[in-house]
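Input: a single structure, listed below in structure tokens.
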Amino acid sequence: MSTVAVEAPSLPEVHYLNADYGWRSWLFTTDHKRIAWLYLISITVMFAIGGLSATLIRLNLIEPSGLLFEPATYNKLFTAHGLVMIFFFLTQSIPTVLGNFLIPIMIGARDVAFPKLNLLSWYIYVIGALVFVLSLISGGVDTGWTLYTPLSTTYANTNVLSATMGIFIAGFSSILTGLNFMVTIHKMRAPGMTWFRLPLFIWAMYATSVIFVLAMPVIAITLALIALERVWHVGIFDPGLGGDPILFQHLFWFFGHPEVYILILPSMGVISELVAAGCRKRIFGYSFVAFSSVAIAAISFMVWGHHMFLTGQSVYAGLVFSALSFAVAIPSAVKVFNWTATMHKASVSYDTPMLYAIGFIGLFTIGGLTGLFLASMGADVHLHDTYFVIAHFHYVMVGGAIMGYLGGLHLWWPKMTGKMYPEAWARFACLLIFAGFNLTFGPQFILGYVGMPRRYAVYPAEFQVLNVMSSAGASILALGYLIPLIYFAWSAFRGPIAGPNPWGAKGLEWTIASPPPTHNFEVTPIVTEEAYAYEPEAAHVG
Amino acid sequence: MSAEVHGAILVAEQFDDFEQQKSADAFGMWLFLVTEVLFFGGLFCGYCLYRNVYPEAWAAGSHLLKVQYGAFYTALLICSSLTMALGVRASQLRLKTSLTVYLVLTWIMGAAFVYIKLRYEWYGDYLEGLVPGPHFAPHGENLELINHFHALLPHVSLFFIFYFCMTGLHALHMVVGVGLLTALLILTQQGKTTRGNYNWVEIVGLYWHFVDIVWIFLFPLLYLIGGRYV
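Chains as they are written, first to last, in numbering that gives the first Met the number 0: chain A, 0 to 541; chain B, 0 to 229.
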């Protein structure tokens, strides 16, 4: 661990964590930093639920005939896994925890633009999550996370109504969070904090917020229509009554594809920060990386048809969707190349945050490139609805989004708590996650390529070896996730004191005490330099 | 108006001055309206699709609506937009009495819209069997016309789904708007909206105009497209 401060760091006397005690001071707080903690705890609970269902899925797939569950139960498990992880964990993860904590501090503000709305978003999220968890406990849903009609509207006899209600409610939490962040970034920047001095994390959060604002309302109204059709027995999506089930897919994926960029863009923003801090260098091609986030957000709204190559949509429409999907590779590659170019000839730290960043770059590259296979219409005919899609998606979502989330938690944990985590354990857990992840999802590329379809509780015996490998990897991955949970909890109370800037990193968040005071800055800072203004010789000090 | 005029109590603690707060509030409301456009957008998208697929059923369904209601609402909402805009002006000029008058007028027109919609128009639709679902069976004054369209009935039912969803979602927004106006009226009586902080009246005004504009689209799409059919 490289420590820049010479004298032993000490905790500030008053900070946002000890400024006030009691449950009221937490549940009625409008402090963005405390709200970040509320989210951190609630989404960790949801992550545990999603992770538990994933564990049961992998256990079941150890045997070709299904080790534990009836197919109907299995359907509920993978639906629960998908819906919880996407709508109640990943969507919130980086934006509501790291975003809430860091956006005001990074731009030099006392709080977000609408602190009460920020707290309201958390309550809305909790209500949505509770409704959803109740729907799981009271029987579950079996439609898959995509909720396709007419299964979800007509044929499913499970708790589709309450589950969609939960997601509908939680969606408004995301809308309000996105709105709040956009207004904050536009209106609350400190004097001198111009757009091109913003940390790249802020650019990524801005792009994410744009998608929140534009995509979330569409899924809300679509879920409302599903609920209406189930309750009222009308035929909006029912071909028997003149409706069109494909309309649902259009509406769903118009939201759904931007949604997966909601999950990965914040992580890309975190990686930019991790790489800059880990290499003590300005990110190579700052403005390209900044604009690539915006470009990904913009293109995300024009590619939804690549989920629907096999629905009988016009082949010309398919060609356009395919070409636009390829176009997403350009800004994504800009990011990957610029991160690696930043690392070139830098004195790269191998502290945990940087390990996560390096892991992200490798895994995201695999996830992104396999996305190109799926964006090609011909290849997609073969790969559609197979484990190849599952592997691609998890390389981006777990190898990308969650690695970024964990890396970010490690980098900013000293800021959030004022304490350091145990570095050796953290490196060990990071390596476990990396190894376990690849063992889990690597074989799934092969399984999908040789034809194992997704969402089946049973499979032909010749797929068993790869499935057992995958399940073994999942158990390593689970251990890898458990270790940080334990040492983070330990370090919050017993960890060594970190000091204001344990990484010697640049950025306004490192200029204030750890943990920060309630209003972040005693005087509003005046920004006079670029983001990542590292001294050239600083590279040799560490 | 400069920021120094306003006392510190008018500015929330996260803002430096009133100008920053006002522009943040207005920008936040504009963004909220963007999400509303997308929210309504899903319904407009479905409407467009099915109107293209079943143009005759759409014209028939539209003909079963009473255009005089739609026209009346349109006039009502345009007038309420005027009084709302005048209310913003009154708040800027710190005229408590005129602000109260304009808010009350807007409130009355908004409430009248909701009341007439539910009590007369929708109830009438219900009596004529226009509510879609298993019991959809139009039997109103336009019976002759209905028999003429009999073959189209399942798709006319689809039209009425969109009619009820779109006007229902709009009416829900009207109810919220009337609630916001009530809150503004209370604040105005406490003298809290005429101290130079016209931002609250302004952002409720933005919302109100948006809901009116949605109606301006709904009126022709639902009530007028059947006119030329017969």
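Glycine included, each C-beta is placed from N, C-alpha and C at the ideal position.
Would you mind giving the Cβ-Cβ distance between residue i and residue j, rounded to the nearest angstrom? I have them listed as a contact below 8 Å.
i                   : j                   : result
glycine 447/A       : phenylalanine 387/A : 3 Å
histidine 169/B     : leucine 217/B       : 6 Å
isoleucine 542/A    : valine 111/A        : The question about residue 542/A has no answer here: the residues shown for chain A are numbered 0 through 541.
isoleucine 261/A    : threonine 207/A     : 6 Å
glycine 45/B        : valine 217/A        : Contact flag wrong, Cβ pair sits at about 11 Å.
leucine 58/A        : serine 470/A        : 7 Å
proline 495/A       : histidine 409/A     : The Cβ separation is near 15 Å, so there is no contact.
alanine 25/B        : asparagine 198/B    : 7 Å
phenylalanine 200/A : serine 120/A        : Their Cβ separation, rounded to whole angstroms, is 20 Å, which puts phenylalanine 200/A and serine 120/A out of contact at 8 Å.
So which residues of chain B does residue i contact, with C-beta pairs closer than 9 Å?
i             : result
proline 216/A : Val33, Thr34, Glu35, Val36, Leu37, Phe38, Phe39, Gly40, Gly41
proline 114/A : Ala11, Glu12, Gln13
So what's residue i in DSSP terms, helix, strand or just coil?
i                   : result
lysine 65/B         : coil
proline 535/A       : coil
lysine 569/A        : Lying before the first or after the last residue shown, residue 569/A is absent from chain A, which here runs from 0 to 541.
proline 153/B       : helix
aspartate 19/A      : coil
threonine 385/A     : strand
leucine 89/A        : helix
leucine 273/A       : helix
proline 352/A       : helix
methionine 173/B    : helix
isoleucine 282/A    : coil
glycine 204/B       : helix
alanine 248/A       : One detail in the question is off: residue 248/A reads as glutamine in this sequence, not alanine. DSSP places glutamine 248/A in helix when its eight states are reduced to three.
arginine 229/A      : helix
glutamate 528/A     : coil
leucine 66/A        : coil
threonine 598/A     : In the structure as shown, chain A starts at 0 and stops at 541, and residue 598/A therefore has no counterpart that could be examined.
histidine 305/A     : helix
isoleucine 365/A    : helix
tyrosine 394/A      : helix
alanine 136/B       : coil
phenylalanine 290/A : helix
isoleucine 160/B    : helix
cysteine 211/B      : Cysteine is not the amino acid found at residue 211/B; the sequence shown has aspartate there. Note: aspartate 211/B maps to helix in three-state DSSP.
tyrosine 228/B      : Here tyrosine 228/B scores only 48 on pLDDT, less than 50, and its place in the model is too uncertain to base an answer on.
So which residues on chain A does residue i lean against when the C-beta distance must stay under 9 Å?
i                : result
glutamate 201/B  : Neighbours of glutamate 201/B on chain A: none; closest Cβ ~15 Å, over 9 Å.
isoleucine 212/B : Neighbours of isoleucine 212/B on chain A: none; closest Cβ ~17 Å, over 9 Å.
histidine 172/B  : Simply none; closest approach about 13 Å.
leucine 157/B    : Val233, Gly234, Ile235, Leu240, Gly241, Gly242
Starting from residue i, trace the alpha helix (DSSP H) both ways and give me its first and last residue.
i               : result
lysine 186/A    : 159-186
tyrosine 563/A  : As shown, chain A starts at 0 and ends at 541. That puts residue 563/A outside it, with no answer to give.
lysine 115/A    : 114-136
proline 103/A   : 99-105
tyrosine 49/B   : 17-52
leucine 323/A   : 314-342
lysine 95/B     : 95-115
asparagine 59/A : 31-59
glycine 123/B   : 122-126
Cβ closer than 8 Å: which chain B residues qualify as neighbours of residue i?
i               : result
valine 182/A    : Ala23, Phe26, Gly27, Leu30
threonine 221/A : Gly41
histidine 306/A : Per Cβ cutoff of 8 Å: no residues; histidine 306/A is ~17 Å from chain B at best.
lysine 186/A    : Gln19, Ser22, Ala23, Phe26
alanine 460/A   : Correct list: empty, because the minimum Cβ distance to chain B is about 45 Å.
Using a Cβ-based criterion (distance less than 8 Å to any ligand heavy atom), does residue i qualify as near the ligand ATP?
i                : result
asparagine 337/A : Among the components of this structure there are no ligands whatsoever, and the ligand ATP is therefore not found.
So what does residue i bridge to, in DSSP terms?
i                : result
isoleucine 496/A : Lys418/A
proline 452/A    : Thr385/A
Under 8 Å between beta-carbons, which chain A residues line up against residue i? List them in chain order, please.
i               : result
cysteine 47/B   : Here the premise fails: no neighbours, minimum Cβ distance about 10 Å.
proline 137/B   : Residues of chain A passing the Cβ test: none, with the nearest at roughly 15 Å.
proline 133/B   : His232
histidine 154/B : Gly241
tyrosine 53/B   : Gly241
Could you list which residues in chain B have their beta carbon closer than 7 Å to that of residue i, in chain order?
i                : result
aspartate 30/A   : Within 7 Å Cβ-Cβ: nothing; aspartate 30/A doesn't reach chain B, min ~10 Å.
isoleucine 174/A : Thr34
So which residues of chain A does residue i contact, with C-beta pairs closer than 7 Å?
i                : result
isoleucine 160/B : Val233, Ile235
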